[in-house]
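Undergrad:
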Amino acid sequence: MDDKHTIWVDSAKEWTDYICGLFQKKLNYIYLHSNGSIQEMSDISEWINNRQSELDYCEFCGVDTNSDSIELFFKKAKFSIHNLSFGLQQPYLRKPLPFEALGLTELWLANKTWKKPVTWTTVNDIINLNYRRLKITACQFNENDINQIIRRWLDGNNPQMDFFAVALKPLDFDLVLDGIEFEKKDRMDQRILITFIVLSIASSKY
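Going by full-length UniProt numbering, the sequence shown opens with residue 1, and the numbers climb by one from there.
(1) Pull up the distance between the alpha-carbon of I201 and that of N83, whole angstroms please.
(2) Name the residue from K13, L154, Q39 and G21 whose alpha carbon lies nearest to the alpha carbon of I30.
(3) Please work out which residues of its chain come closer than 6 Å, Cβ to Cβ, to H33, disregarding the five sequence neighbours upstream and downstream, and give them in chain order.
(4) Would you mind reading off the limits of the alpha helix (DSSP H) that contains E59?
(5) On the DSSP bridge assignment, give the partners of L109 in chain order.
(6) Are W108 and T137 touching if we call contact CB-CB under 9 Å?
(7) Would you call P159 buried or exposed, if buried means 16 or more other Cβ atoms sit within 10 Å of its Cβ?
(8) So what's L171 in DSSP terms, helix, strand or just coil?
(9) Nearest-angstrom Cα distance between S69 and K25?
(10) If we call anything under 9 Å between Cβ atoms a contact, is D172 one with E143?
(11) Are Q140 and V118 closer than 9 Å when you measure CB to CB?
(12) At what residues does the beta strand (DSSP E) containing L32 begin and finish?
(13) CB L88 to CB W120, shorter than 9 Å?
(14) Tell me, which residues are paired with I81 by DSSP?
(15) Going by Cα to Cα distance, which pick from E46, D56, N28 and N35 is closest to D10?
(16) Decide if L22 is buried, meaning its Cβ has at least 16 other Cβ atoms within 10 Å, or exposed.
(17) What separation, rounded to the nearest whole angstrom, lies between the Cα atoms of E54 and S80?
(18) Quick one: using the 10 Å Cβ neighbour count with 16 as the cut-off for buried, is N111 buried or exposed?
(19) Of the residues I150, R132 and L72, which one's Cα is nearest the Cα of N124?
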């Protein structure tokens, strides 16, 4: 991390401490570039450790991603994160994202285009998560993948999940629901306790 960037990060932390102290509020939201340096991520994680025990919303976003920096950020973190968002515009990561032991309730894995869809998480990653709300956009999962996720949830995996949304290219829903007993419900039926949203979106060049 160069001197100019170090000064900018230190200034941002000082101003945040000043404003939060002035209004006696905690830090609720932090936005981090996904290609931040190891030193930057380490310093920010330690800074949050020293000021509070939880963070409502944390977002990582960027064209390039430094997997080592992101991994270190979570290793250093002693605070819980309730809502975590990744908007990464690269096709893969060298290391899996560290989703465990964060106190998460909501996870959003996002990308804006089908040119660079979310390919840096797997079906097993999703099955092994234990969050209330999960949203994935521009994803390459197929019918068998979604079928497996739903089956595992019905078998008791991730019992606290009450919302799952994923945006996909057009699917054959007969294959998605193959072997699954289901009953069609009116969209306005308020008795539905869990929301599974599988969006089929036509492919485009954008």
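We treat Cβ as the ideally placed atom computed from N, Cα and C, and that holds for glycine.
TA: Reading from the atomic positions:
(1) Residue mapping note: residue 201 aligns to position 201 of the sequence shown, counting from 1. Residue mapping note: residue 83 aligns to position 83 of the sequence shown, counting from 1. Low local confidence applies: a pLDDT of 45 at I201 is under 50, so the model's placement there is unreliable, and no value is given.
(2) For this step, residue 30 is matched to residue 30 along the sequence shown. The shortest C-alpha separation from I30 is found at K13.
(3) If you number the sequence shown from 1, residue 33 lands on position 33. The residues are G62.
(4) Taking the first residue of the sequence shown as position 1, residue 59 is located at position 59. Per DSSP, E59 is not a residue of any alpha helix (DSSP H); the beta strand (DSSP E) it occupies stretches across E54 to G62.
(5) Here residue 109 is taken as the residue at index 109 of the sequence shown, counted from 1. F86 and I136.
(6) As a first step, residue 108 must be located in the sequence shown, where it is residue number 108. As a first step, residue 137 must be located in the sequence shown, where it is residue number 137. Yes, Cβ-Cβ distance for W108 and T137 is below 9 Å.
(7) Mapped onto the sequence shown, residue 159 falls at position 159. By the neighbour-count rule (16 or more Cβ atoms within 10 Å), P159 is not buried but exposed.
(8) Here residue 171 refers to the residue found at position 171 of the sequence shown. Residue state, collapsed to three classes: coil.
(9) Along the sequence shown, one-based indexing puts residue 69 at 69. Along the sequence shown, one-based indexing puts residue 25 at 25. So the alpha carbons of these two residues sit roughly 28 Å apart.
(10) Within the sequence shown, residue 172 is the residue found at index 172, counting from 1. Within the sequence shown, residue 143 is the residue found at index 143, counting from 1. Going by C-beta atoms, D172 is nearer than 9 Å to E143.
(11) Numbered from 1 along the sequence shown, position 140 holds the residue referred to as residue 140. Numbered from 1 along the sequence shown, position 118 holds the residue referred to as residue 118. Contact flag set, yes.
(12) On the sequence shown, residue 32 is found 32 positions in, with the first residue counted as 1. Y29 to H33 is the extent of the beta strand (DSSP E) around L32.
(13) Start at 1 with the first residue of the sequence shown, and residue 88 comes out as number 88. Start at 1 with the first residue of the sequence shown, and residue 120 comes out as number 120. In this structure, W120 lies closer than 9 Å to L88 by Cβ.
(14) Here residue 81 refers to the residue found at position 81 when the sequence shown is read from its first residue. By DSSP's assignment, I81 forms a beta bridge with L55.
(15) In the sequence shown, the residue the question calls residue 10 occupies position 10. Comparing Cα positions, the closest option is E46.
(16) For the purposes of this step, residue 22 is taken as residue 22 along the sequence shown, with counting starting at 1. Exposed: under 16 other Cβ atoms inside 10 Å.
(17) Indexing the sequence shown from 1 puts residue 54 at position 54. Indexing the sequence shown from 1 puts residue 80 at position 80. Roughly 5 Å separates the two Cα atoms.
(18) For the purposes of this step, residue 111 is taken as the residue at position 111 of the sequence shown. Of the other Cβ atoms in all chains shown, 16 or more fall within 10 Å of the Cβ of N111; this residue is therefore buried.
(19) To locate residue 124, count along the sequence shown from 1; it is residue 124. Selected option, being the one with the closest Cα: I150.
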